[in-house]
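**Student:**
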Amino acid sequence: MKAILMTGVGNSEVLQVRELPKPKLTGDTELLIKLHAAGINPIDTKIRKRGTFYPEKMPAILGCDGAGVVEGVGINVKNFRVGDEVYFCHGGLGDRQGNYAEYTTIDEQFVTLKPKSISFAEAAAAPLVLITAWEALYERGRLEPGEKVLIHAGAGGVGHVAIQLAKLKGADVCTTVSSQEKANFVRRLGADYPIFYQQTDFVQAALNWTNGEGVDLLFDTVGKDTLQKSFPAVRVYGDVVTILEPGADTVWKAARSRNLRISLELMLTPMLQGLVSAQQHQTEILRQCAKWIDTGELKIHVAHRFPLKDAARAHQMLENGSMMGKVVLIMGNR
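With the numbering used here, letter number 242 in the sequence shown gets 535, and the count goes up by one each step, no holes.
(1) For His597, write down the residues that DSSP places opposite it in a beta bridge.
(2) Using only the alpha-carbon positions, how far apart do Tyr530 and Leu561 sit?
(3) Determine contact between the region 327 to 339 and the region 393 to 401, defined as no fewer than three beta-carbon pairs at a distance below 8 angstroms.
(4) Would Asn392 be called buried (16 or more neighbouring beta carbons within 10 Å of its own) or exposed?
(5) Express the C-alpha separation of Asp587 and Ser410 in angstroms, rounding to a whole number.
(6) Verify whether the separation of the beta carbon atoms of Thr468 and His445 is less than 9 angstroms.
(7) If contacts are defined as beta-carbon pairs under 8 angstroms, then Thr514 and Gly452 qualify, I think. What distance do you get, rounded to the angstrom?
(8) For a minimum of 3 consecutive residues, which ranges assigned as the beta strand (DSSP E) are wholly contained in the region 488 to 575?
(9) Would you give the residue range spanned by the beta strand (DSSP E) that Lys295 belongs to?
(10) Which runs of the beta strand (DSSP E) fall wholly inside the region 405 to 459 and span at least 3 residues, in chain order?
(11) Runs of 3 residues minimum, wholly inside the region 339 to 373: which ones carry the beta strand (DSSP E) assignment?
(12) Look up Ala476 in the DSSP assignment and say whether it is helix, strand or coil.
(13) Closer than 6 angstroms by C-beta to Lys407: which residues in its own chain qualify, once you throw out the five before and the five after it? Chain order, please.
(14) Assuming the contact rule is C-beta atoms closer than 8 angstroms, Met294 and Leu355 should be a hit. Round their C-beta distance to whole Å, please.
(15) How far does the alpha helix (DSSP H) with Arg606 in it reach, from first residue to last?
(16) The beta strand (DSSP E) spanning Val379 covers which residue range?
(17) Using the C-alpha atoms, what's the distance from Ser556 back to Val534?
(18) Three or more C-beta pairs under 8 angstroms: does that hold for the region 474 to 484 against the region 501 to 516?
(19) Using three-state DSSP, classify Asp634 as helix, strand or coil.
(20) DSSP three-state call for Leu313: helix, strand or coil?
(21) Hey, how far is the Cα of Glu323 from the Cα of Gln390?
(22) For the beta strand (DSSP E) that contains Val302, what are its first and last residues?
(23) Would you mind sorting Arg341 into buried or exposed? The rule is 16 or more other CB atoms within 10 Å of its CB.
(24) Assign Ala541 to one of two classes, buried (16 or more other C-beta atoms within 10 Å of its C-beta) or exposed (fewer than that).
(25) Could you pull the DSSP bridge partners for Tyr396 from this structure?
(26) Just to confirm the assignment, what range does the beta strand (DSSP E) spanning Val466 have?
(27) Do Asp518 and Leu436 have their C-beta atoms within less than 9 angstroms of each other?
(28) Is it a yes or a no for the region 561 to 579 touching the region 480 to 497, going by three-plus beta-carbon pairs under 8 angstroms?
(29) Within the same chain, show all residues whose beta-carbon is closer than 6 angstroms to that of Ile593, passing over the 5 residues directly before and after it, in chain order.
(30) Taking the alpha-carbon of Val362 as reference, which of Ser412, Arg549 and Glu590 has the nearest alpha-carbon?
(31) Straight-line CA distance for Cys582 to Gln457?
(32) In chain order, what residues of the same chain lie with their CB nearer than 8 angstroms to the CB of His608, ignoring the 5 residues before and after it?
(33) Relative to the C-alpha of Asp494, which residue among Val470, Glu474, Gly516 and Lys475 is closest?
(34) Going by DSSP in three states, Leu386 sits in which element: helix, strand or coil?
(35) Starting from the C-beta of Val302, find all residues in its chain whose C-beta is less than 6 angstroms away, skip the five residues before and the five after it, and write them out in chain order.
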């Protein structure tokens with residue numbers, strides 16, 4: 294099979310096309326998946342630049358997100374059959390094979406049926422960002438109907454699904470954007486108030502929007518000093534969730550004085566720590582999201598599709614920033 298091998302740590306040139314043996318089923322409950330598409334996420338570019346979580350197992354195949362068709366099943370597989378279309382978030386951290394490849398194997402408990410109404414490219418773009426936004430809003434942030442939430446970078450990969458999940462919960466959403474095009478995009482997704490952060494003080498805008506009280510929940514997908522700057526935009530006793538590691542120089546005074554509850558969201562934790570029940574829960578999240586996608590209540594935006602061989606170019610585009618939605622690799626001629 295063709296695969297993209299991360300041959301070393303460095304720039305996108307370390308991603309090389311290689312011909313590798315097709316993986317074989319090694320467990321009784323495993324599936325052999327013929328991959329049709331793989332999502333690209335910022336974690337992929339970070340691993341490429343910094344090294345995998347398992348450096349002793351280099352070279353590696355990256356890519357946590359995948360979508361494809363079941364081509365083979367283990368003798369004890371109960372829930373899938375050959376020909377099923379599936380999607381999932383699994384592998385790609387340097388231990389198990391990732392999805393920048395034409396085939397992969399995965400235990401059936403970490404897979405669910407792909408939404409019927411969307412393409413393989415859209416399905417492959419979805420898992421990591423859906424799980425991240427779900428856990429951040431519903432579990433870490435405890436979002437309730439009628440609450441107000443500020444989502445940073447609402448046009449981005451995580452942000453564009455977070456807006457929709459917040460609206461599905463019955464919340465009001467304001468979100469930071471950098472252009473009119475992105476403002477129009479997030480409004481189509483349901484955002485109530487796009488804030489042009491380059492021209493407007495987003496904290497003051499959020500306070501004005503909430504009659505001076507502040508939002509109930511801040512969801513930070515940007516990191517750096519954006520987290521610290523955002524504390525005054527959150528109501529007293531409100532919630533803050535960030536998907537980035539706070540910097541050592543973060544000043545927490547405003548958060549402390551407002552009694553904010555700070556939560557960290559890393560959806561990779563179940564994979565990294567081998568927490569099977571937590572991985573099963575994440576699969577349930579994808580199962581529910583598939584229902585919403587098929588009823589038209591949740592949409593996945595794929596901004597760019599690249600053939601598998603152009604993985605390096607896809608990484609470069611993602612690293613250039615200012616992306617609306619997701620970037621996806623397509624296998625074969627699909």
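For each residue, glycine too, the CB sits at the ideal point set by N, CA and C.
**Tutor:** For this structure:
(1) The sequence position of residue 597 within the sequence shown is 304, counting from 1. Under DSSP, His597 forms a beta bridge with Val620.
(2) On the sequence shown, residue 530 is found 237 positions in, with the first residue counted as 1. On the sequence shown, residue 561 is found 268 positions in, with the first residue counted as 1. Distance between the alpha carbons of Tyr530 and Leu561 is about 28 angstroms.
(3) These segments touch.
(4) In the sequence shown, counting from the first residue as 1, residue 392 sits at position 99. Around the beta carbon of Asn392, a 10 Å sphere encloses 16 or more other beta carbons of the protein chains shown; the residue is thus reported as buried.
(5) Here residue 410 refers to the residue found at position 117 when the sequence shown is read from its first residue. Here residue 587 refers to the residue found at position 294 when the sequence shown is read from its first residue. C-alpha separation (whole angstroms): 5 angstroms.
(6) The residue labelled residue 468 in the question sits at position 175 within the sequence shown. The residue labelled residue 445 in the question sits at position 152 within the sequence shown. One thing to note: Thr468 has its Cβ within 9 angstroms of the Cβ of His445.
(7) On the sequence shown, position 221 is the one that residue 514 refers to. On the sequence shown, position 159 is the one that residue 452 refers to. 5 angstroms between Cβ atoms; contact.
(8) Segments of the beta strand (DSSP E) lying fully in the region 488 to 575: 508 to 513, 527 to 535 and 554 to 557.
(9) Reading the sequence shown from its first residue, position 2 is the one you call residue 295. In this chain, the beta strand (DSSP E) harbouring Lys295 covers Lys295 to Met299.
(10) With a minimum length of 3 residues, the continuous beta strand (DSSP E) runs that stay inside the region 405 to 459 are 441 to 444.
(11) Counting only runs of 3 or more, we get 358 to 366.
(12) Start at 1 with the first residue of the sequence shown, and residue 476 comes out as number 183. If DSSP states are grouped into helix, strand and coil, Ala476 belongs with the helices.
(13) Residue numbering aside, residue 407 sits at position 114 when the sequence shown is read from its first letter. Here the set comprises Ala360, Glu378, Val379, Tyr380 and Ala416.
(14) The residue labelled residue 294 in the question sits at position 1 within the sequence shown. The residue labelled residue 355 in the question sits at position 62 within the sequence shown. That belief does not hold up - the Cβ atoms of Met294 and Leu355 are roughly 15 angstroms apart, past 8 angstroms.
(15) The sequence position of residue 606 within the sequence shown is 313, counting from 1. In this chain, the alpha helix (DSSP H) harbouring Arg606 covers Ala604 to Glu612.
(16) By 1-based counting over the sequence shown, the position of residue 379 is 86. Here the beta strand (DSSP E) through Val379 covers Glu378 to Cys382.
(17) As a first step, residue 534 is located in the sequence shown; it is residue number 241 there, counting from the start. As a first step, residue 556 is located in the sequence shown; it is residue number 263 there, counting from the start. In this model, Val534 and Ser556 are separated by some 5 angstroms (Cα to Cα).
(18) Because the criterion of three Cβ pairs below 8 angstroms is not met, the region 474 to 484 and the region 501 to 516 do not touch.
(19) Outside the shown range of the chain, which is 294 to 627, sits residue 634, and nothing can be said about it.
(20) By 1-based counting over the sequence shown, the position of residue 313 is 20. Note: Leu313 maps to coil in three-state DSSP.
(21) Numbered from 1 along the sequence shown, position 30 holds the residue referred to as residue 323. Numbered from 1 along the sequence shown, position 97 holds the residue referred to as residue 390. Rounded to whole angstroms, the gap between the alpha carbons of Glu323 and Gln390 is 14 angstroms.
(22) Within the sequence shown, numbered from 1, the residue matching residue 302 stands at position 9. For Val302, no beta strand (DSSP E) segment is defined, and its DSSP state is neither H nor E.
(23) For this step, residue 341 is matched to residue 48 along the sequence shown. Its Cβ being crowded by 16 or more others within 10 Å, Arg341 is buried.
(24) The residue given as residue 541 occupies position 248 in the sequence shown. With fewer than 16 other beta carbons inside 10 angstroms of its own, Ala541 counts as exposed.
(25) Walking along the sequence shown from the start, residue 396 turns up at place 103. According to DSSP, Tyr396 bridges with Lys327.
(26) For the purposes of this step, residue 466 is taken as residue 173 along the sequence shown, with counting starting at 1. Val466 -> beta strand (DSSP E) spans Asp465 to Val470.
(27) Position 225 of the sequence shown, counted from the first residue, corresponds to residue 518. Position 143 of the sequence shown, counted from the first residue, corresponds to residue 436. Contact flag unset, no.
(28) Because the criterion of three Cβ pairs below 8 angstroms is not met, the region 561 to 579 and the region 480 to 497 do not touch.
(29) Position 300 of the sequence shown, counting from 1, holds the residue named residue 593. Excluding positions up to five away in sequence, the list reads Glu415, Ala418 and Ala419.
(30) Walking along the sequence shown from the start, residue 362 turns up at place 69. That would be Ser412, whose Cα lies nearest to the Cα of Val362.
(31) As a position in the sequence shown, residue 582 is number 289, starting the count at 1. As a position in the sequence shown, residue 457 is number 164, starting the count at 1. Answer to the nearest angstrom: the Cα atoms are 11 angstroms apart.
(32) Reading the sequence shown from its first residue, position 315 is the one you call residue 608. These residues qualify, in order along the chain: Ser305, Leu308, Ile333, Asp337, Thr338 and Arg341.
(33) Here residue 494 is taken as the residue at index 201 of the sequence shown, counted from 1. Of the listed residues, the one whose Cα sits closest to Asp494 is Val470.
(34) The sequence position of residue 386 within the sequence shown is 93, counting from 1. Secondary structure of Leu386 (DSSP, three-state): coil.
(35) Here the question's residue 302 lines up with position 9 in the sequence shown. Around Val302: Gly344.
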